[in-house]
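Asker: Residue numbers (my numbering): -18 to 285.
The beta carbon of each residue, even a glycine, is placed where N, CA and C say it ideally should be.
In this text the structure is predicted, and so the values were computed from the model without any measurement.
So, in structure tokens, the structure goes:
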């Protein structure tokens, strides 16, 4: 897409709506990918717009992206770790919790932003045709920007607390992020389409995210869950379902990457292989969600 085309989209976004477009035809997956690639400049523009709009009219602007994780890390270290004594159960509790919350925050912001992305860009959707996938993907890009800043804070925090993450486990950073991006994009695209027809979806997503933060080993250890299953003689396959959840795997991978106080016993066996299998399944899930999105997008303009 040329610079003049991008400028035209900016003008369209600020103009009043005139007439709706007709139905958009269903294209194949590769056709959709090519269309998104052809509109990559628009995608970049939408990401920058989302980031700027988030801190519009604030005195510190984008600096809030840096301030928020710093305050969070300080609270976990002082209040939860030292005052409430949580650090007695988990060494380097602040790093443990903050690393899990950092990767969870990527999923949370991605799903929240992508789910509302089509409605938030209703003006463009109704005025001109672009591949509709660019809107949830732009929300994902904005979430990745925030995540990058939080990771920088996490790394600095590791050094301040004398726990530098320079270990082989740091390699788990990459599949962990890949898992969240893959599943976040898949379900984000799906939810963004359904939300056009059923606005309750965006509120349901918030509830699911609230439950997810406690259904993954962020503020407690994976071994605690395994012990509970043994104590109550629960089925082993149920523990496998919990462990192989993509969010659980991503959180465990981030702990391996940044929480240097952990040992092999703190993680399920063959964690890397589990993550690889989840990535393969995630590609299939992404394809299915994109096909559903392609079938639903035809009436977006009319519904909006």
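1) Between 198, 214 and 54, which lies nearest to residue 230 when the distance is taken from Cα to Cα?
2) So residue 260 packs on residue 163, CB below 8 Å; how close in whole Å?
3) Check the C-beta distance from residue 228 over to residue 193 and give it rounded, since I have them as a contact under 8 Å.
4) With residue 169 and residue 96 assumed to form a contact (beta carbons below 8 Å), what rounded beta-carbon distance in angstroms separates them?
5) Would you identify the three-state DSSP class for residue 267, choosing helix, strand or coil?
6) To the nearest angstrom, how far is it from the Cα of residue 235 to the Cα of residue 81?
7) From this set, 108, 126, 157 and 136, which residue's C-alpha is nearest residue 255's C-alpha?
8) Cα-Cα, which of 210, 124 and 226 is closest to residue 258?
9) Which word fits residue 31, buried or exposed, when buried means at least 16 other C-beta atoms lie within 10 angstroms of its C-beta?
10) Taking its Cβ as the centre, do 16 or more other Cβ atoms sit within 10 Å of residue 117, making it buried, or is it exposed?
11) Between 248, 262 and 239, which lies nearest to residue 135 when the distance is taken from Cα to Cα?
12) Give me the Cα-Cα distance between residue 128 and residue 268, rounded to the nearest whole angstrom.
13) Which runs of the alpha helix (DSSP H), 4 residues or longer, sit entirely within the segment 125 to 192?
14) In whole angstroms, what separates the C-alpha of residue 79 from that of residue 22?
15) Compute the Euclidean distance between the alpha carbons of residue 83 and residue 98, then round it to the nearest angstrom.
Answerer: Let's see:
1) 198
2) 7 Å
3) Residue 228 to residue 193, Cβ: 6 Å. Contact.
4) 6 Å
5) helix
6) 6 Å
7) Nearest option by C-alpha distance: 157.
8) 226
9) By the Cβ neighbour-count rule, residue 31 is buried, with 16 or more other Cβ atoms within 10 Å of its own.
10) buried
11) 239
12) 25 Å
13) 154 to 178
14) In this structure, the straight-line span from the alpha carbon of residue 79 to that of residue 22 is close to 34 Å.
15) 22 Å
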